[in-house]
Amino acid sequence: MHTYIIEAHRGVGTDCPEETISAFRAAIAQGYGMIELDTKFTSDNKCVLLHDRTVNRTGRMPDGSSLPESRAIADMTLEQAQELDFGIWKDAAFAGEKIPTLEQVLTLAMGAFIPLKFDNVLWSHTPEQQQIFFDTIIAMGARHITEITCSNAEQIRTVLEKLPEANIHYDGPATPEAMEAVGKIVPKEQLTTWIRFDNKITAWCKNPPVTKENAAMVKQYGKLGVWLITEETELQEAVEQYGADIIETDGTLKP
0 MHTYIIEAHR GVGTDCPEET ISAFRAAIAQ GYGMIELDTK FTSDNKCVLL
50 HDRTVNRTGR MPDGSSLPES RAIADMTLEQ AQELDFGIWK DAAFAGEKIP
100 TLEQVLTLAM GAFIPLKFDN VLWSHTPEQQ QIFFDTIIAM GARHITEITC
150 SNAEQIRTVL EKLPEANIHY DGPATPEAME AVGKIVPKEQ LTTWIRFDNK
200 ITAWCKNPPV TKENAAMVKQ YGKLGVWLIT EETELQEAVE QYGADIIETD
250 GTLKP
């Protein structure tokens, strides 16, 4: 039988407030094989985990009330961001949850031996911030659990220059020409190519959905990742028809 792992998108966001230590701990406890997460930087260049550009959707004032105005995480210091509550919006049981730092999440993941797949938002940061990210990975000895999403050859080369052993998650166009180019840069054992499953959740993405043909083509160069799946029937199709090696879900599907 074809083996695969299930990746927790932003941690287990169905059960816990997304992109928090609680969500990441839940992913570990529930047996997920990988965690996907998003980096952001504060105004004092501290790396934190947050999906949105602003803190308003998941952040609350200490008393649980909504912020009175839009606040970009890039305009806040780490101290200011950690004054907010990032759990109570989900449920009162998570009141007091703080925005996690990169160091906190790396410590958690290394203790559990679970890989972290950093989303390609990494490439929206300044070169200085990207260097801070890579320096932190290296300084903490977290190379072995760090995997990076890249959309083009330049990004891939940057990662492999900093972290030669890192697994690359390519989410650019999965054309034969693109895959041949990527395959010349990334060893087969280090490459996963991501193709979307055709459903309402992924409809915004302009890249073609997974088919038997493009799945077979990309698997010549490495593993196949399929996103974002929330139904058992979709999971079965992705594994049995397309041979997916990694399935990304929001926590709806359990390992």
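Numbers 0 to 254, taken from numbering that gives the first Met the number 0, label the letters of the sequence shown in order.
Ideal placement from N, C-alpha and C gives every residue a C-beta, glycine not left out.
This structure is a prediction, so every number in the text was calculated from the model and none was measured.
9 Å Cβ cutoff met for leucine 77 and threonine 53: Taking the first residue of the sequence shown as position 1, residue 77 is located at position 78. Taking the first residue of the sequence shown as position 1, residue 53 is located at position 54. Cβ distance not < 9 Å, so leucine 77 and threonine 53 don't count as in contact.
Nearest to glutamate 17 (by Cα), restricted to the options Leu162, Thr106, Pro186 and Glu35: Against the sequence shown, residue 17 aligns to sequence position 18. Shortest Cα-Cα distance from glutamate 17 to any of Leu162, Thr106, Pro186 and Glu35 involves Glu35.
Beta-carbon spacing of leucine 121, isoleucine 155 below 9 Å: Your numbering for residue 121 matches position 122 in the sequence shown. Your numbering for residue 155 matches position 156 in the sequence shown. At the C-beta level, leucine 121 and isoleucine 155 stay beyond 9 Å of one another.
Cut-off 7 Å between Cβ atoms - residues of its own chain near glutamine 128, not counting five sequence neighbours on either side: Translated into positions along the sequence shown, residue 128 becomes position 129. Setting aside the 5 residues that flank it on each side, glutamine 128 is surrounded in the same chain by Phe40 and Asn44, each with a C-beta closer than 7 Å to its C-beta; the list follows chain order.
Sufficient close CB pairs (3 or more, under 8 Å) joining the region 108-122 to the region 80-87: Short answer: they don't touch.
Stretch pair the region 204-216 + the region 226-242: three plus CB contacts closer than 8 Å: Contact holds: three or more Cβ-Cβ distances are below 8 Å.
Minimum C-alpha distance to arginine 59 - residue among Arg24, Ala25, Ile98 and Ser21: Stepping through the sequence shown from its first residue, residue 59 is reached at position 60. Nearest C-alpha to arginine 59: Ile98.
Cβ shell of glutamine 29 (< 7 Å), same chain only, five flanking positions each side left out: By 1-based counting over the sequence shown, the position of residue 29 is 30. Counting only residues of its own chain and dropping the five nearest sequence neighbours on each side, glutamine 29 has a CB closer than 7 Å to the CB of Val11, Lys253 and Pro254.
Coil, strand or helix - arginine 56 by DSSP: In the sequence shown, the residue the question calls residue 56 occupies position 57. In the structure shown, arginine 56 sits in coil (DSSP, three-state: anything other than H, G, I, E or B).
Outcome for phenylalanine 196 when other beta-carbon atoms lying within 10 angstroms are tallied against a minimum of 16: In the sequence shown, counting from the first residue as 1, residue 196 sits at position 197. By the neighbour-count criterion, in which a residue is buried when 16 or more other Cβ atoms sit within 10 angstroms of its Cβ, phenylalanine 196 is buried.
Continuous alpha helix (DSSP H) stretch holding methionine 216: start and end: Mapped onto the sequence shown, residue 216 falls at position 217. Methionine 216 -> alpha helix (DSSP H) spans 211-217.
Residues that DSSP places opposite asparagine 119 in a beta bridge: Start at 1 with the first residue of the sequence shown, and residue 119 comes out as number 120. Partner residues in a beta bridge of asparagine 119, as assigned by DSSP, do not exist.
Bridge partners - alanine 71, DSSP secondary structure assignment: Reading the sequence shown from its first residue, position 72 is the one you call residue 71. Answer is Thr53, bridged to alanine 71.
When Trp226, Ser65 and Thr210 are compared against tryptophan 277, the one with the closest alpha-carbon: Residue 277 falls outside the range modelled here, since the chain spans only 0 to 254, and no answer is possible.
Close-in-space but distant-in-sequence residues of the same chain around alanine 80 (CB under 7 Å, 5 per side omitted): Locating residue 80 in the sequence shown gives position 81, where the first residue counts as 1. Only Thr41, Val47, Val54, Ile72 and Ile98 meet the Cβ criterion.
Own chain partners of histidine 1 with C-beta closer than 7 Å, once the 5 adjacent residues on each side are dropped: Residue mapping note: residue 1 aligns to position 2 of the sequence shown, counting from 1. Counting only Cβ-Cβ distances below 7 Å, and skipping sequence neighbours, we find Val238 and Gly242.
Nearest residue (CA-CA) to glycine 140, options Thr106, Glu160, Tyr220 and Leu159: The residue given as residue 140 occupies position 141 in the sequence shown. Answer by Cα proximity: Thr106.
Under 9 Å between C-beta atoms of threonine 248 and alanine 7: Counting from one through the sequence shown, the residue named residue 248 turns up at place 249. Counting from one through the sequence shown, the residue named residue 7 turns up at place 8. Yes, the Cβ-Cβ distance between threonine 248 and alanine 7 is below 9 Å.
Complete runs of the alpha helix (DSSP H) confined to the region 134-212 [at least 4 residues]: If you keep only unbroken alpha helix (DSSP H) runs of at least 4 residues inside the region 134-212, you get 152-161 and 175-182.
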